[in-house]
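J.:
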Amino acid sequence: VKTVLTFGTFDLFHFGHLRILQRARELGDSLVVGVSSDALNFSKKGKYPIFSEEHRLAIVSEIKGVDRVFVEESLEKKREYILSQKADLLVMGDDWKGKFDDLSDVCEVVYLERTPALSTTEYKNIIKNI
Ligand code: C2G
40 VKTVLTFGTF
50 DLFHFGHLRI
60 LQRARELGDS
70 LVVGVSSDAL
80 NFSKKGKYPI
90 FSEEHRLAIV
100 SEIKGVDRVF
110 VEESLEKKRE
120 YILSQKADLL
130 VMGDDWKGKF
140 DDLSDVCEVV
150 YLERTPALST
160 TEYKNIIKNI
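For the sequence shown, this note's numbering gives the first residue as 40, with consecutive numbering after it.
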């Protein structure tokens, strides 16, 4: 059984999020998703996601093909998570290209192309201007 692991905030869950989860799942037999905590987002961006960690986890866990979710507490804990989740493959969006190549000693690392022209930030701007 090949276990795929991916990470993300998945705030205002949209089509780009769905597509990366679908494509990640196709690369293995089981998909585990680390959903960034509210605190991690605050420390990274100085603001909290619109949807709470609890709601984001609940949404991602119900997406077809997602077998398991957990809270990602720190960007620096990827190696730990790969080992504890027994992941064979780490999938990241290509905005992180090259950033996690040092983990290839514990699992395969693949970067998938982001779906063009879709972003939570852009949707927030559209909503702001309605
Ligand atoms: N994504 C995508 N296409 C888009 C938008 C997002 O493929 N148009 C992907 C991202 O590349 C990422 C996932 O959807 O793999 C979740 O996106 P974000 O919530 O923006 O994730 P991010 O905040 O970058 O993750 O360890 C990483 C952290 O969890 C942060």
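Just so it is clear, CB atoms sit at the ideal spot from N, CA and C, and this is done for glycine as well.
Following a CB-centred definition, is SER82 positioned closer than 7 Å to any heavy atom of ligand 1?
T.: Incorrect: SER82 has no Cβ contact closer than 7 Å to ligand 1.
J.: Fully enclosed by the segment 43-67, which alpha helix (DSSP H) runs are 4 residues long or longer?
T.: Entirely contained in the segment 43-67, the alpha helix (DSSP H) runs reaching 4 residues are, in chain order, 54-65.
J.: My guess is that ALA126 and THR42 are in contact by the Cβ rule of under 8 Å, so how many angstroms apart are they, rounded?
T.: The Cβ separation is near 5 Å, so the contact holds.
J.: Are the Cβ atoms of ASP134 and ILE89 separated by less than 8 Å?
T.: No. Outside cutoff.
J.: Between SER75 and ligand 1, is the CB less than 7 Å from at least one heavy atom?
T.: The answer is yes for SER75.
J.: Run the proximity test for LEU114: is its beta-carbon closer than 7 Å to any non-hydrogen atom belonging to ligand 1?
T.: True, at least one ligand heavy atom lies under 7 Å from that Cβ.
J.: Pick from ASP144, GLY132, VAL105: whose alpha carbon is nearest that of LEU122?
T.: Checked all of ASP144, GLY132, VAL105; the closest Cα to LEU122 is ASP144.
J.: For LYS138, which residues of its own chain have a beta-carbon under 8 Å away from its beta-carbon, when the five flanking residues on both sides are left out?
T.: Around LYS138: MET131.
J.: So who's on the other strand from SER69, going by DSSP bridges?
T.: Answer is THR42, bridged to SER69.
J.: Along the alpha helix (DSSP H) that carries ARG95, what are the first and last residues, could you check?
T.: ARG95 -> alpha helix (DSSP H) spans 92-100.
J.: Does THR45 pass the burial test, meaning 16 or more other C-beta atoms within 10 Å, or should it be called exposed?
T.: The residue is buried, with at least 16 neighbouring Cβ atoms inside 10 Å.
J.: Can you tell me which of ARG153, LEU151, ARG107 puts its alpha carbon nearest to the alpha carbon of ASP68?
T.: For ASP68, the nearest C-alpha among the options comes from ARG107.
J.: For ligand 1, I want to know if SER123 counts as a neighbour, meaning its beta carbon is within less than 7 Å of at least one of the ligand's heavy atoms.
T.: For ligand 1, not one heavy atom lies less than 7 Å from the Cβ of SER123.
J.: Quick one: what's TYR150 bridged to in DSSP?
T.: MET131, per the DSSP bridge assignment.
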